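Numbering (UniProt numbering), first residue to last: 1 to 147.
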């Protein structure tokens, strides 16, 4: 079955993004794979396939679109999809909404962790990064296709 892609950017609320980010970033690190599975399961996500390092998102409840990577059973990176992916023909129209969502996430994350350590922005790509006392790093980024 082919899924029709929306040309409009849809994203989780800033409050939900903070909930997801806190669950991962404020967890004790280093984190083992089994603990990572528990984190995403507690957030309401699941592994839709056979690789436990890949899992669903709020906007893709039946497809593994988020993931973490591990080395010798210890998680090194987590990538979370907080929006849908807009197809190329919708990029020009989605860029303002993508920036708006990104800015709402930066404002919400800043309320939790203070001002970002760094921010970068070009015409179509943007990111902000925080480093936490527990050694974790948080980066939120986006472009014309996703956040």
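Each residue gets a CB set at the ideal place from its N, CA and C atoms; glycine is no exception.
Keep in mind that this is a model prediction, so the values were computed, not measured.
Hey, is the stretch 87-105 in contact with the stretch 36-52, meaning 3+ C-beta pairs nearer than 8 Å?
The stretch 87-105, when compared against the stretch 36-52, does not touch it at the 8 Å Cβ threshold.
Cα-Cα, which of 98, 25, 57 is closest to residue 112?
Checking every option, the nearest Cα to that of residue 112 belongs to 25.
Please report the straight-line C-alpha distance between residue 59 and residue 87, rounded to a whole angstrom.
Answer to the nearest angstrom: the Cα atoms are 15 Å apart.
Is the CB-CB distance between residue 33 and residue 70 below 7 Å?
Yes; because the gap between Cβ atoms is below 7 Å, this pair is in contact.
Can you list, in chain order, the residues of its chain with a C-beta nearer than 7 Å to that of residue 18? Leave out the 5 residues immediately preceding and following it.
For residue 18, where only same-chain residues beyond five positions count, the Cβ hits under 7 Å are 108, 109, 112.
Does the beta-carbon distance from residue 117 to residue 126 come in below 7 Å?
No, Cβ-Cβ distance for residue 117 and residue 126 is not below 7 Å.
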